[in-house]
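Report on one structure; see the data block that follows.
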Amino acid sequence: MTGILFDLTFLLAAPFWALMILLPKWSWTTRIVRSPLIVLPIVAIYAALIVPDFANVWASVSNPTLDGVAELLGSPAGAAAGWAHMIAFDLFVGRWSFLDSRERGIPVLLMAPILFLTIMLGPLGLAAYLAVRSRRPERLG
Numbered sequence: 003m004t005g006i007l008f009d010l011t012f013l014l015a016a017p018f019w020a021l022m023i024l025l026p027k028w029s030w031t032t033r034i035v036r037s038p039l040i041v042l043p044i045v046a047i048y049a050a051l052i053v054p055d056f057a058n059v060w061a062s063v064s065n066p067t068l069d070g071v072a073e074l075l076g077s078p079a080g081a082a083a084g085w086a087h088m089i090a091f092d093l094f095v096g097r098w099s100f101l102d103s104r105e106r107g108i109p110v111l112l113m114a115p116i117l118f119l120t121i122m123l124g125p126l127g128l129a130a131y132l133a134v135r136s137r138r139p140e141r142l143g
């Protein structure tokens, strides 16, 4: 079951990434991506993975140590939960970047590689977007 949840995690996120990268100007893309609820199916997978071992997870995250986190992530269920955690947050950050870039008039051809970087290496995609964003003031009205 853990393997299925692991595989399902990205499959649930992929359509939203495809909309933002491949169809950024389609009217339905903004309507769909505007909802923060797009991450909920992935959050549900994360919950399904951590709830059975919640006491251990809580102990590891409430007083983190390198060894404790390594042990937590060192099992198939821990790796799948870590993956779901990353995918949910990367999608939420990508969603924010996409919507914010539309408000600032940042070209979609510039955003496509930034969003791809966010999928692949989340924090680096966020850093790239923040660098671009700092040079584009928000449009008024």
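If you read the sequence shown in the working numbering, its first letter stands for residue 3, the second for the next number, and so on. We put the beta carbon where it would ideally sit given N, CA and C, even for glycine.
**Rounded separation between A83 and P115 - CA only** = Here residue 83 is taken as the residue at index 81 of the sequence shown, counted from 1. Here residue 115 is taken as the residue at index 113 of the sequence shown, counted from 1. As the crow flies, the alpha-carbon of A83 is around 27 Å from that of P115.
**Asked** Using the beta-carbon count (16 or more within 10 Å), is I108 buried or exposed?
**Response** Against the sequence shown, residue 108 aligns to sequence position 106. Here I108 is buried. Its C-beta has 16 or more other C-beta atoms within 10 Å.
**Identity of the residue in R106, I121, A46 and L117 nearest R137 by Cα** = Locating residue 137 in the sequence shown gives position 135, where the first residue counts as 1. That would be R106, whose Cα lies nearest to the Cα of R137.
**Item:** Close-in-space but distant-in-sequence residues of the same chain around N58 (CB under 8 Å, 5 per side omitted)
**Value:** For the purposes of this step, residue 58 is identified with residue 56 of the sequence shown, where counting begins at 1. Sequence-distant Cβ neighbours of N58 in its own chain, meaning closer than 8 Å and more than five residues away, are L74.
**Request:** Pull up the distance between the alpha-carbon of T11 and that of F18, whole angstroms please.
**Result:** Numbered from its first residue, the sequence shown carries residue 11 at position 9. Numbered from its first residue, the sequence shown carries residue 18 at position 16. Straight-line Cα distance between these residues: approximately 12 Å.
**Prompt:** So what does DSSP say about N58, is it helix, strand or coil?
**Reply:** Locating residue 58 in the sequence shown gives position 56, counting from the first residue. Of the three classes helix, strand and coil, the one that applies to N58 here is helix, per DSSP.
**Asked** With DSSP run on the structure shown, which of helix, strand or coil describes E140?
**Response** Residue numbering aside, residue 140 sits at position 138 when the sequence shown is read from its first letter. Note: E140 maps to coil in three-state DSSP.
**Asked** Could you give the uninterrupted runs of the beta strand (DSSP E) lying entirely in the segment 21 to 86, keeping only those of 3 residues or more?
**Response** DSSP runs (the beta strand (DSSP E)) wholly in the segment 21 to 86: none.
**Request:** Quick one: give me the first and last residue of the alpha helix (DSSP H) that M3 is part of.
**Result:** Here residue 3 corresponds to residue number 1 of the sequence shown, with the count starting at 1. Unbroken run through M3: none, as it is neither H nor E.
**Close beta carbons around P26, own chain, < 6 Å, minus the five adjacent residues each side** = The residue you call residue 26 lines up with position 24 of the sequence shown. Leaving aside the five residues that flank P26 on each side, the residues in its chain whose CB is nearer than 6 Å to its CB run, in chain order, V110.
**Prompt:** How many angstroms separate the CA atom of A61 from the CA atom of V45?
**Reply:** As a position in the sequence shown, residue 61 is number 59, starting the count at 1. As a position in the sequence shown, residue 45 is number 43, starting the count at 1. A61 and V45 have their C-alpha atoms spaced approximately 20 Å apart.
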